[in-house]
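Take a look at the structure below.
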Amino acid sequence: LLQLAINNLVDNAVKYSDSKTPVTANLKRSSGSTQLRISDEGKGISAEDKKKIFDKFYRAGNRHTREAKGTGLGLYLTKKIVEQHGGSVIVTDNKPQGSNFVIDLQTGN
Ligand code: ADP
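Here the working numbering is used: the first residue of the sequence shown is 1, the next is one more, and so on.
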């Protein structure tokens, strides 16, 4: 299930950014926890949408801007899966553009 959660984030990073820009994955281990960060240089996510994108079936933008195919379930499931593993997932702005999704899991020591 964690693999599904990670796949969702990587798929979205690719889907919602230009094919010429990089998507990066970064794994960082600190004492007691592990963070996985997936970053893209796409158009980013507005503050308003950041509050809603983890909701079931929510898709940002209107009919015309929503060119990418999807169901709006990916982030809902990702959050559910990560939380059921005792972790959290957050979204922040990437600089100078795009988004970062960070999964934080308690891994002990
Ligand atoms: P889906 O991709 O099937 O629409 P998700 O639940 O995975 O559903 O994502 C919800 C919405 O969040 C997407 O429709 C999209 O508008 C936005 N979104 C998700 N990931 C990104 C991203 N990396 N960059 C920009 N917008 C994103």
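Quick reminder that beta carbons are idealized off the backbone N, C-alpha and C, glycines included.
{"Query": "Compare the C-alpha of threonine 93 against each of Ala25, Gln35 and Lys50 and name the closest.", "Result": "Per the sequence presented here, residue 93 reads as aspartate, with threonine not at that position. It is Lys50 whose Cα lies nearest to the Cα of aspartate 93."}
{"Query": "Express the C-alpha separation of alanine 47 and serine 99 in angstroms, rounding to a whole number.", "Result": "12 Å"}
{"Query": "Could you give the distance in angstroms between the alpha-carbon of glycine 87 and the alpha-carbon of glycine 74?", "Result": "17 Å"}
{"Query": "So, is alanine 25 buried or exposed, given that buried needs 16 or more other C-beta atoms within 10 angstroms?", "Result": "exposed"}
{"Query": "Throw me the rounded Cβ distance for the isoleucine 35 and valine 102 pair, which I believe falls under 8 Å.", "Result": "The residue you asked about is not isoleucine; residue 35 is glutamine in the sequence shown. Contact flag correct, Cβ pair sits at about 6 Å."}
{"Query": "Excluding sequence positions up to five away, which residues of its chain have a Cβ less than 7 Å from the Cβ of threonine 78?", "Result": "Ala5, Asn8, Leu9 and Val89"}
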